[in-house]
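Each residue of the sequence shown is one higher than the one before, starting from 880 at the first, in our numbering.
Structure first, then comments.
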Amino acid sequence: MSTVPILTDGDVYSQYDYELVVDAVRDAFAERAAGTLEAPPRWRVAAGEGDLVFTAGAATGSTNAAGFRVYETHPETGADHTELVAVFDATTGAFRGLFLGHAVGGLRTGGIGGVAIDALAPAESATLGVLGSGFQARAQVGAACAVRDFEEVLVYSPTPDSRREFAETADDDVAPSVRALEDPEPVVRSADALVCATNSTDPVFDPEWLQSGTHVTTIGPKFETAHELPLEVLERADAITTDSIPQLEAADRPTIVGRETDDELVELADVLADPDRGRSSADDLTVFCSVGLAGTEVVLGNSFLEAFASSAE
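Given below as structure tokens:
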């Protein structure tokens, strides 16, 4: 067997750019729309005090990549608590490479958010609002700025040091200025596109602050009993989308979208194939509920492997 690459977060961060991330994830959604992406819901294996969580997918069209991601949910943390993404040739089954670390999974979620903003946010968006200051928020900002020429990014999170540090470091990563604000209200009121990337189980903003025409992405909790997005936003929304309806349906408890909004809920892949199913006017309020389309990690990992192979030549 020939040597296959085993790449770490350091390897990924030394080479990646958000344009590559968004393009790879967009390819996965194109395969989803074409019916060539197998993307079953994630499943869990009980393992002591936590679970092993698996997502698997196969892009059998032009991408020609299959594989899986696995991570754990145990209470302990540390360098030995990580995840892996394995990539195979979808036609021959040949093993292409392995990623150790959290980078591919997190960047893939950012890429999904970037594709959603590109498809649903107003074309002339000037301000990106962000509620949250963790790794997921950072990936969302990078991917969003790869698809829209925002003039500014406004961020709020409850911890002053966290939001200030986020603004200082994110400002080096993207073209627009990134500013931390002391209050979420001006972030929401100013946003043409608003990203909620928190772990809050309670709504993180007053829906009255939200302007007509805004696009809203929710990354964090979205259960009926625990959700960062105010339910009134869904009631006002002109278009509600998600990356995977099967993943929503497989949730172990009721979600804020799904059963009661089945007739309105549209998959992002279908919006990419038919934009009329998303935003239809400048005043539309659009919502994207990110739950994690299986196979996107594998497609992104495959793009990284191709990029590393090219750089090694």
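Beta carbons: idealized from backbone N, C-alpha and C, even for Gly.
Query: Euclidean distance between Cα positions of G940 and G1157; Result: 25 Å
Query: With 16 other Cβ atoms within 10 Å as the buried cut-off, status of Q1019; Result: buried
Query: V1150 Cβ short of 7 Å to the ligand MN heavy atom set; Result: No copy of the ligand MN occurs in the structure displayed, which carries no ligand at all.
Query: Best match in A1022, D888 and A937 for proximity to L1172 [C-alpha to C-alpha]; Result: A937
Query: Check whether A1076 and G1092 have beta carbons under 8 Å apart; Result: no
Query: Whole-number beta carbon distance between D1149 and A907, since they are thought to touch under 8 Å; Result: Between D1149 and A907 the Cβ distance is about 14 Å, and since that is not below 8 Å, they are no contact.
Query: Boundaries (first-last residue) of the beta strand (DSSP E) holding D906; Result: Unbroken run through D906 is the alpha helix (DSSP H), Y897 to A913; no beta strand (DSSP E).
Query: Whole-angstrom distance between E955 and A1152, CA atom to CA atom; Result: 43 Å
Query: Alpha-carbon spacing of L916 relative to T942, whole angstroms; Result: 10 Å
Query: Runs of beta strand (DSSP E) lying entirely within the stretch 970-1033, each at least 3 residues, in chain order; Result: 974-979 and 1006-1010
Query: Segment limits, beta strand (DSSP E) that includes T1120; Result: A1118 to T1121
Query: Residue environment, P1063, which counts as buried when at least 16 other CB atoms sit within 10 Å; Result: buried
Query: Whole-angstrom distance between D1117 and G927, CA atom to CA atom; Result: 44 Å
Query: L870 classed as buried or exposed, judged by whether at least 16 other C-beta atoms fall within 10 angstroms; Result: Nothing can be reported for residue 870, as the shown portion of the chain is limited to 880 through 1192.
Query: Under the three-state DSSP convention, the category T1077 falls into; Result: coil
Query: Status (buried if at least 16 other CB within 10 Å, exposed otherwise) for I1135; Result: buried
Query: Three-pair Cβ contact test at 8 Å for the stretch 989-996 versus the stretch 957-976; Result: no
Query: Outcome for F1102 when other beta-carbon atoms lying within 10 angstroms are tallied against a minimum of 16; Result: exposed
Query: For R1132 and V834, the rounded distance between their alpha carbons; Result: The structure shown has nothing for residue 834, since the chain only spans 880 to 1192.
Query: Span separating the alpha-carbon of S1189 from that of S1182; Result: 11 Å
Query: Contacting residues, own chain, Cβ-Cβ under 6 Å from P920 (five flanking each side not counted); Result: P1125, Q1126 and A1129
Query: Buried or exposed by the 16-neighbour rule on C-beta atoms within 10 Å, applied to P1055; Result: buried
Query: Bridge partner(s) assigned by DSSP for A1186; Result: A1186 pairs with nothing; no bridge assigned.
Query: Run of the beta strand (DSSP E) containing I1124, from where it starts to where it stops; Result: Unbroken run through I1124 is the alpha helix (DSSP H), I1124 to E1128; no beta strand (DSSP E).
Query: Burial state of S1169 (16 or more Cβ within 10 Å); Result: buried
Query: Beta-carbon proximity of V883 to G984, cut-off 8 Å; Result: no
Query: Secondary structure of R1156, DSSP reduced to three states; Result: helix
Query: Stretch pair the stretch 1039-1048 + the stretch 1065-1072: three plus CB contacts closer than 8 Å; Result: no
Query: Among E1143, G914, G957 and I996, nearest to V1074 - alpha-carbon criterion; Result: I996
Query: Top-ranked residue by Cα proximity to V1057, from L1010, V1032 and G914; Result: V1032
Query: Helix, strand or coil at V1145 according to DSSP, with G and I counted as helix; Result: strand
Query: Buried versus exposed call for A998 [16 or more other C-beta atoms within 10 Å across all chains shown]; Result: buried
Query: Rounded separation between L1179 and A903 - CA only; Result: 5 Å
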